[in-house]
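Residue numbers (UniProt numbering), protein chains in the order written: chain A, 1 to 230; chain B, 1 to 230.
There are 2 protein chains.
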Amino acid sequence: MTDKISERIPSAERREQILEAASRVFGERGYFGATTDQIAKAAGISQPYVVRMFGGKENLFVGVLSRSLERLLVAFTRTLEDWKAEGSPAAAAAVVSDGTPVAGGHGEIGRRLGLAYVNLIEDRGLLLSLMQAFSMGQDPTIGAKARDGFLAIYRLLRDEAGFTPEQTRSFLAEGMLLNTLLGLRLPDEYGRDEAATELLECTFRTKLELVLGVAAENGAASAPAKAQGA
Amino acid sequence: MTDKISERIPSAERREQILEAASRVFGERGYFGATTDQIAKAAGISQPYVVRMFGGKENLFVGVLSRSLERLLVAFTRTLEDWKAEGSPAAAAAVVSDGTPVAGGHGEIGRRLGLAYVNLIEDRGLLLSLMQAFSMGQDPTIGAKARDGFLAIYRLLRDEAGFTPEQTRSFLAEGMLLNTLLGLRLPDEYGRDEAATELLECTFRTKLELVLGVAAENGAASAPAKAQGA
DNA sequence: GTCTATACAGTGATAGAC
DNA sequence: GTCTATCACTGTATAGAC
């Protein structure tokens with residue numbers, strides 16, 4: 001490795017590498033706290049090249065945000081398509097099987113969408129840069145983009161999953177709690193703090209009961225551990 | 001105003017001024033993005049004085065976080081005391097009057113706590129610096145403090161409001177959604193975007209129905225407007 | 001497509017005066 | 001209790017070479 005000059009690769013591919021690195025750095029340090037140099041190093045290229053390719057830090061953040069929203073929309077859309085292809089049983093069931101009033105309430109499709117969401121935000125860069133964007137409403141460019149994205153998700157859920165406005169709101173609330181628990185790294189506290197353990201089991205049992213339903217036999221500890229990752 | 005030298009005031013008072021200013025700046029720019037100089041200017045004093053009084057940027061952020069969590073805990077504790085003093089009707093009603101499964105679910109005390117929370121996070125500095133802290137789980141000092149604070153709130157709700165773990169989780173989820181809507185400045189979109197309007201009315205009708213219940217007659221527009229503030 | 005060099009503006013923290 | 005001066009870095013963006 002002469003190491004100084006990176007391999008010459010197509011710009012589309014390089015662009016994706018930079019976005020991936022930027023997602024992590026923006027996530028950890030925030031928009032203002034992240035530096036183009038940190039991003040460049042994370043992507044294995046020079047700082048001026050990052051700036052040149054995106055025209056500036058703000059454009060780069062907008063790129064990261066667009067990519068995150070796009071991935072989210074695609075994940076939800078695919079989940080909905082699969083569900084419909086299987087012959088979606090009725091619309092989203094408003095009432096839960098076991099009578100729990102709050103936790104479920106979104107029916108089978110709600111569980112599937114929730115699972116798709118959890119899988120997506122295991123990418124901590126994506127999770128954290130979304131969270132950053134959601135706290136930047138005051139920024140003219142980024143704030144507007146973030147609001148648009150959030151509303152696009154709201155509409156998708158309401159219009160395609162058959163959720164009522166109330167169900168949509170509740171589903172989003174659950175998602176925002178997941179964001180917070182993972183942002184806080186609360187799974188690190190699993191098994192070491194009574195409240196954390198209870199909250200995590202309660203959350204992930206509900207969210208993942210579809211796939212991990214049988215995991216109750218394997219010991220409940222494996223469910224929250226699933227969310228720790230890198 | 002000779003303007004160069006600030007009035008000589010007691011350190012406790014100055015400390016509070018700095019925390020208030022820091023809360024706003026950290027909220028808007030994030031921990032890494034905020035500068036001690038911006039905070040100093042917002043507080044109307046010199047940058048070295050800020051550093052000297054708190055011993056460094058990290059201590060200052062921890063101070064801001066402690067203050068925010070303290071205010072939140074106090075607000076909830078007072079709300080609970082008032083409620084109990086009035087002769088709290090049963091425990092937290094698990095079932096809602098109008099049959100809505102998700103929105104309420106926390107009974108009278110849930111509505112009161114929700115209202116106390118909304119009032120508190122009208123302070124955008126507090127809201128945003130909490131949100132920042134909740135995305136910093138990876139930081140050894142700040143992350144640990146943030147987790148502790150979040151769990152303290154969880155325990156308070158569960159143990160003092162009589163919530164089940166499920167109800168507590170659901171209440172927190174609602175709070176995290178509120179954070180996001182306000183962080184995004186979604187109220188700016190009220191009346192200008194169909195989905196935003198619906199989501200806000202749905203959210204604030206539920207949260208504020210206690211105080212603004214009769215406001216349905218004044219036109220629903222006034223409810224979300226309440227949350228915009230400075 | 002990718003780099004080095006560099007201009008110009010901050011940035012946290014310390015020293016020490018008043 | 002509060003400031004000015006200042007150091008040693010770090011940050012974005014541009015110019016221009018390969």
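Heads up, the beta-carbon is just placed ideally off N, CA and C, and yes, glycines get one too.
Inset, instruction - Could you tell me whether the Cβ of residue 134/A comes closer than 8 Å to any Cβ of chain B? - result: yes
Legend entry - Rounded straight-line distance, which links the Cα of residue 155/B to that of residue 55/B: 32 Å
Legend entry - Own chain partners of residue 62/B with C-beta closer than 7 Å, once the 5 adjacent residues on each side are dropped: 141, 142, 145
Inset, instruction - Note down, one range per segment and in chain order, each alpha helix (DSSP H) of at least 4 residues found wholly within the region 25–86 of chain A. - result: 36–43, 47–54, 57–85
Inset, instruction - With DSSP as the reference, label residue 184/A as helix, strand or coil. - result: coil
Legend entry - C-alpha distance - residue 36/B paired with residue 17/B, whole-angstrom precision: 14 Å
Legend entry - Helix, strand or coil at residue 145/A according to DSSP, with G and I counted as helix: helix
Inset, instruction - Could you say which of 197/A, 117/A, 49/A, 135/A lies nearest to residue 77/A if we only look at CA atoms? - result: 117/A
Inset, instruction - Kindly list, in the order they appear in chain B, the residues whose Cβ is closer than 8 Å to that of residue 165/A. - result: 198, 199, 202
Inset, instruction - Compute the Euclidean distance between the alpha carbons of residue 163/A and residue 121/A, then round it to the nearest angstrom. - result: 22 Å
Inset, instruction - From the DSSP output, in three-state form, read off residue 10/B for me. - result: coil
Legend entry - Runs of beta strand (DSSP E) wholly within the region 108–143 of chain B (minimum 3 residues, chain order): none
Legend entry - Residue nearest to residue 11/A in terms of C-alpha spacing, selected from 24/A, 45/A, 33/A, 80/A: 45/A
Legend entry - Cross-chain neighbours of residue 162/B in chain A, by beta carbon under 9 Å: Chain A residues near residue 162/B: none, gap ~15 Å exceeds 9 Å.
Inset, instruction - Go ahead and pull the three-state DSSP assignment for residue 204/B. - result: helix
Inset, instruction - Taking only the alpha-carbon atoms, compute the straight-line gap between residue 70/B and residue 185/A and give it to the nearest angstrom. - result: 21 Å
Legend entry - Residues near residue 39/B by beta carbon distance below 6 Å, same chain, minus five either side: 21, 22, 25, 50
Inset, instruction - Taking only beta-carbon positions, decide if residue 47/B is within less than 8 Å of chain A. - result: no
Legend entry - Given residue 134/A as reference, the closest of 33/A, 183/A, 150/A once Cα atoms are compared: 150/A
Legend entry - Alpha carbon of residue 167/A to alpha carbon of residue 170/B, nearest angstrom: 13 Å
Inset, instruction - Identify, in the order they occur along the chain, each residue of the same chain with its Cβ nearer than 7 Å to the Cβ of residue 136/A, setting aside the five sequence neighbours on each side. - result: 31, 142, 143, 146
Legend entry - For residue 154/A, the three-state DSSP class (helix, strand or coil): helix
Inset, instruction - For residue 193/A, return the contacting residues in chain B, with the cut-off set at a CB-CB distance below 7 Å. - result: 151
Legend entry - Straight-line Cα distance separating residue 5/A from residue 180/B: 42 Å
Inset, instruction - Give the DSSP-derived three-state secondary structure of residue 5/B in the structure shown. - result: coil
Inset, instruction - Please confirm if residue 24/B has its CB atom under 8 Å from at least one CB of chain A. - result: no
Inset, instruction - Starting from the beta carbon of residue 154/A, find every residue of chain B whose beta carbon is closer than 9 Å, and list them in chain order. - result: 195, 196, 198, 199
Inset, instruction - Answer with yes or no whether the minimum CB distance from residue 184/B to chain A is below 8 Å. - result: yes
Inset, instruction - Could you tell me the distance, in whole angstroms, from the CA atom of residue 189/A to the CA atom of residue 47/B? - result: 37 Å
Inset, instruction - Taking 8 Å as the cut-off, decide whether the C-beta atoms of residue 53/B and residue 111/B are in contact. - result: no
Inset, instruction - Can you say whether residue 153/B is buried or exposed, counting buried as having 16 or more other CB atoms within 10 angstroms of its CB? - result: buried
Inset, instruction - Evaluate residue 125/B with the Cβ neighbour count: other Cβ atoms within 10 Å of its Cβ, from every protein chain shown; 16 or more gives buried, anything less gives exposed. - result: buried
Inset, instruction - Would you please verify whether the beta carbon of residue 108/A is less than 8 Å from any beta carbon of chain B? - result: no
Inset, instruction - Taking residue 172/B as the query, report the chain A residues whose CB atoms sit under 7 Å from its CB, ordered along the chain. - result: 177
Inset, instruction - At 8 Å on the CB atoms, spell out the chain A contacts of residue 32/B, in chain order. - result: 29, 30, 32, 33, 34
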